[in-house]
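Please read the structure below before turning to the comments.
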Amino acid sequence: MTPSESRPIVCATRGGQASRRTQERAIALSQERGAPLIFLFATDPSFAGLQDGTMQAALTDELLRMGHSLLCIAEARAEKQGQEAQKAVKCGAAWEIIEEYLQQVNANTLVIGMPQSDAALQASEPGEVHRFAEKLRQTTDIEVIVVE
Amino acid sequence: MEEFLAAETLIVILMMVATLVAIAVRRVRLPYTVSLVLVGLVISLQQTLSVEITPELILALFVPPLLFEAAFHLDLKMLRDNLVPIMMLAVPGVLVSTLLVGGIVTLGAGLPLTATVAFGALIAATDPVAVVALFRALGVPRRLAVAVEGESLFNDGTAIVIFRIALAAALTGVFDPLTSLFDFLRVSVGGMAVGLALGWLAAQLIARLDDRLIVTTITTLLAYGAYLIAEFFHVSGVLAVVVAGLVSGSVGLAGATPTTKIMLFNLWEFLAFLANSFVFLLIGINVNLPRLWLNLWPIVVAVLAVLISRAVVVYGFSFVTHLTKRSRPHIPLTWRHVLFWGGQRGAISLALALTLPAALPEQDTLQAMTFGVVLFSLLIQGTTIQFLLQGLGLIQLSAPHKEREIRLGRLFATQAGLRRLEQLHREGLLTDEMWLGLREDYRQAQEHLLEQMNQLFVEHVEMEREMLLQARREALQAERGAMGDALRRGLISEDTYEELVNDVDNRLEALGMIQAAIHSSGQSKGGHQ
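Those protein sequence lines, which keep their order, are chains B and U. If you count by the working numbering, then the first sequence holds residues 324 to 471, one letter each, in order. If you count by the working numbering, then the second sequence holds residues 2 to 530, one letter each, in order.
Right, here's the structure in full:
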């Protein structure tokens with residue numbers, strides 16, 4: 324086992340349209356490389372712009388609970404395929420949180436999904452994911468796989 | 002006393018009819034408001050109920066809660082984002098539409114221009130109640146719903162002001178453009194100022210008072226008070242109610258507790274439902290079919306004029322907005338089709354038509370034309386808009402969502418069937434062999450449905466997150482109900498109940514925010530999947 328193989332694969336997922344493909348890709352990759360798999364849910368409650376502390380706490384807690392449930396589903400999916408997985412739910416500015424977590428666990432690979440902007444109201448910027456991936460590739464030795 | 006009892010009996014009968022219609026439309030594919038008009042028409046033909054519809058009844062009693070509720074619920078941020086196209090349609094759009102309708106009706110029906118311009122103004126007020134209800138049920142993009150509702154809220158005010166100026170000109174034969182412009186500005190700005198002042202005052206009180214009942218009373222006072230005070234000062238009561246609703250709904254609600262918000266939303270939803278039911282039922286009851294038949298040609302001309310002017314305004318103004326502002330708030334072409342066909346006419350137009358004085362020689366024809374256009378828009382446009390939305394692919398609750406609902410419904414039904422069979426077996430009405438055979442059959446069906454649900458989530462992963470949120474919402478509502486039980490059984494004190502319920506309400510509101518964020522932006526901040 325080479326050093327890179329023992330370093331974990333982190334799959335950042337949030338339950339969107341590409342999440343299933345992203346999770347499947349991460350599961351397949353970790354089985355292929357024999358590397359540990361971690362599902363990561365990072366959420367940023369600041370999107371609501373809340374001032375009220377009680378409301379902010381309720382929103383944060385509900386986001387974390389939703390994240391935990393989504394990761395439990397992903398974990399069960401991995402286990403069904405014979406792959407053990409860990410899960411981590413984090414709160415804060417999403418890109419920073421992901422980067423920090425990757426360094427914390429000394430990740431070898433990040434598998435991340437591309438948001439679909441098919442709905443009339445969707446304002447996600449798929450370019451953001453690519454910019455983030457490019458930045459990680461340039462500043463760290465982490466392999467980044469963007470699942471379209 | 003007898004008069005009072007007669008009025009009370011009438012109200013009870015109307016409420017009963019409305020309730021029966023509301024129950025019936027759950028099984029019939031017809032918009033609620035359209036069904037009310039049809040039932041009203043049947044009642045009018047049988048002459049079993051006679052209620053006179055007066056402009057005061059509509060404008061002072063039913064319109065304030067309808068406008069206030071719509072403004073109170075409107076997403077201010079989304080309204081602000083789309084303000085340019087909305088105001089283009091609601092102010093210059095109404096003016097152009099008034100003149101176009103006036104011109105076409107004069108040419109086609111041979112009525113004097115002074116009278117037809119007044120008709121053009123009164124018929125310019127759109128009433129999207131049926132359309133918006135359909136939007137909510139079908140999951141049409143929220144920005145489109147805001148555009149339709151926002152336009153309607155503001156064009157009501159503009160149409161009323163222009164109508165009064167046009168009517169004065171028709172009666173006196175004098176039209177001074179400068180004085181009219183000044184009057185238009187005075188009445189509009191004055192109405193908005195009254196609404197702004199009262200709305201701000203109410204918002205401050207709502208934010209400071211943590212008492213559900215007082216806050217609810219304040220909003221009721223505000224809706225009717227804003228209208229009455231503005232009318233007292235001879236400025237636009239309708240615009241006053243709209244602005245008061247917008248300000249109190251956005252500024253005031255920001256400081257209110259979730260428990261208060263839930264009570265306010267429930268109350269206003271109920272009041273609007275009641276006002277809507279009465280208005281559309283009364284419209285149906287007051288339709289005079291022989292009178293409409295006598296005025297058939299002017300009505301046909303009026304319908305054509307309204308459709309043509311709507312097309313010119315919607316497509317023309319959206320094109321101008323698109324040229325002047327390249328990015329958002331651009332109105333896509335498919336949305337313009339919906340704005341065109343969804344521009345229905347209703348309560349405000351009828352109320353204004355009923356204020357036409359007998360001194361106006363064309364009073365009878367103009368009133369018949371108004372009823373004709375309102376009926377056309379409700380019965381033809383109201384029943385076909387759904388097909389337009391489907392054809393344009395604007396229904397977001399698409400095939401997979403429908404499929405999920407069907408599978409979920411079948412699963413619930415299968416489980417209920419199994420429970421019933423178990424009960425029959427326990428009661429000795431089914432033999433052991435029969436029970437075992439049926440149970441196996443039901444279990445297989447259940448497993449098959451569960452497998453189908455699972456497959457659906459594999460194909461449409463995003464629904465998994467929606468299902469989780471929906472399940473969590475239902476669990477929280479069950480928790481809220483259980484807290485009420487605990488209070489009634491004396492297990493917890495009133496204070497503890499309030500504290501616990503507030504927490505659940507906060508969480509329910511948080512789920513709403515998450516849902517809205519998923520729908521509107523895919524959580525653009527770090528929007529990975």
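No residue lacks a Cβ here, since even glycine has one placed at the ideal position from N, Cα and C. The structure displayed is predicted, hence computed values, not measured ones.
Partner residues on chain B for residue i, Cβ-Cβ distance less than 8 Å
{"i": "U/Ile515", "result": "Leu382, Glu385, Leu386 and Met389"}
{"i": "U/Arg508", "result": "Ala381, Asp384 and Glu385"}
{"i": "U/Val459", "result": "Arg343"}
Candidates the options: closest to residue i by CA position
{"i": "B/Pro359", "options": "B/Gly436, B/Gln409 and B/Val452", "result": "B/Gln409"}
{"i": "U/Arg311", "options": "U/Ala7, U/Ser51 and U/Ser98", "result": "U/Ser98"}
{"i": "U/Ile105", "options": "U/Leu422, U/Glu404, U/Phe155 and U/Trp298", "result": "U/Trp298"}
{"i": "U/Ile124", "options": "U/Arg187, U/Ile349 and U/Val35", "result": "U/Ile349"}
{"i": "U/Ile396", "options": "U/Pro65, U/Glu57, U/Leu145 and U/Ser51", "result": "U/Leu145"}
{"i": "U/Ala369", "options": "U/Ile381, U/Asp157, U/Leu351 and U/Leu334", "result": "U/Leu351"}
{"i": "U/Pro32", "options": "U/Val462, U/Gln387, U/Gly246 and U/Gln445", "result": "U/Gln387"}
{"i": "U/Ala110", "options": "U/Asn503, U/Asn296 and U/Ser189", "result": "U/Asn296"}
{"i": "U/Ala414", "options": "U/Glu9, U/His426, U/Ala204 and U/Ala446", "result": "U/Ala446"}
{"i": "U/Val92", "options": "U/Leu77, U/Asn277 and U/Asp157", "result": "U/Asp157"}
{"i": "B/Lys403", "options": "B/Arg330, B/Val470, B/Ala351 and B/Cys334", "result": "B/Ala351"}
{"i": "U/Pro86", "options": "U/Arg27, U/Val95, U/Phe318 and U/Leu419", "result": "U/Phe318"}
{"i": "U/Ala518", "options": "B/Thr366, B/Ser329 and B/Glu422", "result": "B/Thr366"}
{"i": "U/Leu67", "options": "U/Gly347, U/Ser181 and U/Gly373", "result": "U/Gly347"}
{"i": "U/Phe176", "options": "U/Leu114, U/Glu152 and U/Leu154", "result": "U/Leu114"}
{"i": "U/Tyr443", "options": "U/Ile332, U/Gln416, U/Val18 and U/Met264", "result": "U/Gln416"}
{"i": "U/Leu101", "options": "U/Met88, U/Gly121 and U/Asp82", "result": "U/Gly121"}
{"i": "U/Thr366", "options": "U/Leu334, U/Arg292 and U/Ser278", "result": "U/Arg292"}
{"i": "U/Leu283", "options": "U/Thr20, U/Val29, U/Glu9 and U/Ile44", "result": "U/Ile44"}
Neighbour list for residue i in chain U, Cβ cutoff strictly below 8 Å
{"i": "B/Ile396", "result": "Glu465"}
{"i": "B/Ser393", "result": "Position check: residue 393 of chain B holds Leu in this sequence, whereas Ser was assumed. Within chain U, the residues near B/Leu393 are Glu465, Arg466 and Leu469."}
Amino acids of chain B, ordered along the chain, whose beta-carbon sits closer than 7 Å to that of residue i
{"i": "U/Leu470", "result": "Met389"}
{"i": "U/Leu512", "result": "Glu385"}
Burial state of residue i (16 or more Cβ within 10 Å)
{"i": "U/Thr218", "result": "exposed"}
{"i": "U/Glu406", "result": "exposed"}
{"i": "U/Asp496", "result": "exposed"}
{"i": "U/Leu437", "result": "exposed"}
{"i": "U/Gln48", "result": "exposed"}
{"i": "U/Ser328", "result": "In this prediction, U/Ser328 scores a pLDDT of 44, lower than 50, which makes its location untrustworthy; the coordinate-derived value is nonetheless stated afterwards. Exposed is the call here."}
{"i": "U/Arg508", "result": "buried"}
{"i": "B/Ile332", "result": "buried"}
{"i": "B/Ser447", "result": "Note that B/Ser447 has pLDDT 44, beneath the 50 cutoff, so the model's placement of it is unreliable and the number below is only indicative. B/Ser447 is buried by the Cβ-count criterion."}
{"i": "U/Arg421", "result": "exposed"}
{"i": "U/Val302", "result": "buried"}
{"i": "U/Asp506", "result": "buried"}
{"i": "B/Met324", "result": "Per-residue confidence for B/Met324 stands at a pLDDT of 45, beneath the threshold of 50, marking its modelled position as unreliable; the derived number appears in the next sentence. Looking at its Cβ environment, which holds fewer than 16 other Cβ atoms inside 10 Å, B/Met324 is exposed."}
{"i": "U/Glu441", "result": "exposed"}
{"i": "B/Val434", "result": "buried"}
{"i": "U/Thr173", "result": "exposed"}
{"i": "U/Trp294", "result": "exposed"}
{"i": "U/Lys262", "result": "buried"}
{"i": "B/Ser329", "result": "exposed"}
{"i": "B/Asp441", "result": "Residue confidence for B/Asp441 is low, a pLDDT of 36 falling below 50, so the modelled location carries little weight; the figure read from the coordinates is stated next. Burial call: exposed."}
{"i": "U/Met17", "result": "exposed"}
{"i": "U/Ser378", "result": "buried"}
Beta-carbon gap between residue i and residue j smaller than 8 Å
{"i": "U/Gln345", "j": "U/Thr127", "result": "yes"}
{"i": "U/Arg408", "j": "U/Leu457", "result": "yes"}
{"i": "B/Ala430", "j": "B/Ile465", "result": "yes"}
{"i": "B/Ala417", "j": "B/Leu363", "result": "no"}
{"i": "B/Gly338", "j": "B/Leu386", "result": "no"}
{"i": "U/Gly196", "j": "U/Val252", "result": "no"}
{"i": "U/Val147", "j": "U/Leu80", "result": "yes"}
{"i": "U/Leu390", "j": "U/Val141", "result": "yes"}
{"i": "U/Val40", "j": "U/Val64", "result": "no"}
{"i": "U/Glu152", "j": "U/Leu90", "result": "yes"}
{"i": "B/Gly436", "j": "B/Ser342", "result": "yes"}
Contact test: residue i Cβ vs the ligand SAH heavy atom, cutoff 7 Å
{"i": "U/Pro32", "result": "The ligand SAH is not part of the structure shown, which contains no ligands of any sort."}
Worksheet item: Just by C-beta distance, which residues in the stretch 370 to 381 of chain B are closer than 7 Å to chain U?
Response: Phe370, Ala371, Thr377, Met378 and Ala381
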